[in-house]
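Asker:
In the working numbering, the protein residues as written are 2 to 198.
#1: Using a beta-carbon distance below 7 Å, is residue 170 in contact with chain D?
#2: What does the alpha-carbon distance come out to for the pair residue 194 and residue 57?
#3: Which residue from 154, 118 and 160 puts its Cα closest to that of residue 141?
#4: Grab me the residues of residue 35's own chain with a C-beta within less than 8 Å of its C-beta, minus the 5 sequence neighbours each way, in chain order.
#5: Using DSSP's beta-bridge definition, name the partner residues of residue 131.
#6: Throw me the rounded Cβ distance for the residue 5 and residue 128 pair, which I believe falls under 8 Å.
#7: Work out the CA separation of residue 150 and residue 51 for me, nearest whole Å.
#8: Return the first residue and the last residue of the beta strand (DSSP E) that residue 115 is part of.
#9: Assuming residue 13 contacts residue 153 (C-beta within less than 8 Å), just tell me the rounded distance between them.
#10: Would you call the stretch 73 to 90 in contact with the stretch 164 to 184, where contact means no fewer than 3 C-beta pairs closer than 8 Å?
#11: Is it buried or exposed for residue 177, if we count other Cβ within 10 angstroms and need 16 for buried?
#12: Report the rounded CA-to-CA distance for residue 112 versus residue 94, giving the unit in angstroms.
#13: Excluding the 5 residues flanking residue 97 on each side, which residues of the same chain have their C-beta closer than 8 Å to its C-beta?
#14: Can you give the Cα-Cα distance for residue 45 and residue 143, rounded to whole angstroms?
#15: Quick one: complete beta strand (DSSP E) runs, 3+ long, within the stretch 34 to 82?
#16: Verify whether the separation of the beta carbon atoms of residue 70 and residue 102 is less than 7 Å.
#17: Going by other Cβ atoms of all chains shown within 10 Å of its Cβ, with 16 needed for buried, is residue 43 buried or exposed?
#18: What does residue 180 pair with, by DSSP beta-bridge criteria?
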């Protein structure tokens with residue numbers, strides 16, 4: 002069984018919306034996009050590279066998929082981060098995306114939960130999901146997430162899309178905690194099988 006790993010940038014109050022730049026996601030009037038930028042440290046990038054070594058697929062919501070595709074698909078072969086992001090197979094959950102815009106993409110249009118269960122049962126390395134708040138809520142609610150890799154940033158925003166779905170209730174096992182010089186803390190949790198949610 003492949004593991005499904007959710008990797009997120011998250012504020013102290015649980016916000017995951019638009020971490021990368023100001024116009025990434027302005028849903029609900031969100032004005033705080035790009036909140037991770039002042040806290041970047043190269044060790045954060047290296048830890049993500051290590052995580053990716055054990056993954057061979059992305060599972061993404063449409064907005065996150067589009068943001069990634071526009072950033073990484075144009076990168077030339079030989080760019081280290083471009084190669085890292087472009088190599089895995091991509092699965093995007095969308096009823097509106099007409100055709101793939103990123104190499105090696107399959108669009109999941111119907112029966113999302115069953116499709117994810119089928120993906121997890123296939124041979125292969127881990128599957129990584131990032132961003133994709135609506136999709137992550139569904140995955141958590143249906144007990145499909147095996148691990149959380151959270152980068153916890155030392156700020157609160159007071160509003161925005163959050164990691165946790167309503168009424169989500171479970172316990173986590175902490176595997177590691179890694180502080181970075183910029184004040185960010187990397188938290189790696191596993192979720193127990195058979196948990197209640």
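Just so it is clear, CB atoms sit at the ideal spot from N, CA and C, and this is done for glycine as well.
Answerer: Result, derived from the coordinates:
#1: No chain D appears in the structure shown, which is made up of a single protein chain.
#2: Numbered from its first residue, the chain shown carries residue 194 at position 193. Numbered from its first residue, the chain shown carries residue 57 at position 56. Taking the straight line from one Cα to the other gives about 22 Å.
#3: Your numbering for residue 141 matches position 140 in the chain shown. Selected option, being the one with the closest Cα: 118.
#4: Reading the chain shown from its first residue, position 34 is the one you call residue 35. Excluding its 5 nearest sequence neighbours in each direction, residue 35 has C-beta neighbours in its own chain below 8 Å: 19, 20, 21, 22, 23 and 25, listed in chain order.
#5: Here the question's residue 131 lines up with position 130 in the chain shown. According to DSSP, which records beta bridges pairwise, residue 131 is partnered with 8.
#6: The sequence position of residue 5 within the chain shown is 4, counting from 1. The sequence position of residue 128 within the chain shown is 127, counting from 1. About 5 Å; that satisfies the 8 Å criterion.
#7: Looking up residue 51 in the chain shown gives position 50. Looking up residue 150 in the chain shown gives position 149. Cα to Cα, the separation comes out at about 12 Å.
#8: Stepping through the chain shown from its first residue, residue 115 is reached at position 114. Unbroken run through residue 115 is the alpha helix (DSSP H), 113 to 122; no beta strand (DSSP E).
#9: As a position in the chain shown, residue 13 is number 12, starting the count at 1. As a position in the chain shown, residue 153 is number 152, starting the count at 1. That belief holds up - the Cβ atoms of residue 13 and residue 153 are roughly 7 Å apart, short of 8 Å.
#10: The stretch 73 to 90, when compared against the stretch 164 to 184, does not touch it at the 8 Å Cβ threshold.
#11: Here residue 177 refers to the residue found at position 176 when the chain shown is read from its first residue. When all chains shown are included, residue 177 counts as exposed.
#12: Here residue 112 refers to the residue found at position 111 of the chain shown. Here residue 94 refers to the residue found at position 93 of the chain shown. Each residue's alpha carbon lies about 10 Å from the other.
#13: Counted from its first residue, the chain shown places residue 97 at position 96. Closer than 8 Å at the Cβ level, and outside the excluded window around residue 97, lie 63.
#14: Numbered from its first residue, the chain shown carries residue 45 at position 44. Numbered from its first residue, the chain shown carries residue 143 at position 142. So the alpha carbons of these two residues sit roughly 29 Å apart.
#15: Those beta strand (DSSP E) runs which fall completely within the stretch 34 to 82 and span 3+ residues are 56 to 62.
#16: Reading the chain shown from its first residue, position 69 is the one you call residue 70. Reading the chain shown from its first residue, position 101 is the one you call residue 102. In this structure, residue 102 lies closer than 7 Å to residue 70 by Cβ.
#17: Here the question's residue 43 lines up with position 42 in the chain shown. Burial call: exposed.
#18: Position 179 of the chain shown, counted from the start, is the residue given in the question as residue 180. Paired residue(s): 186.
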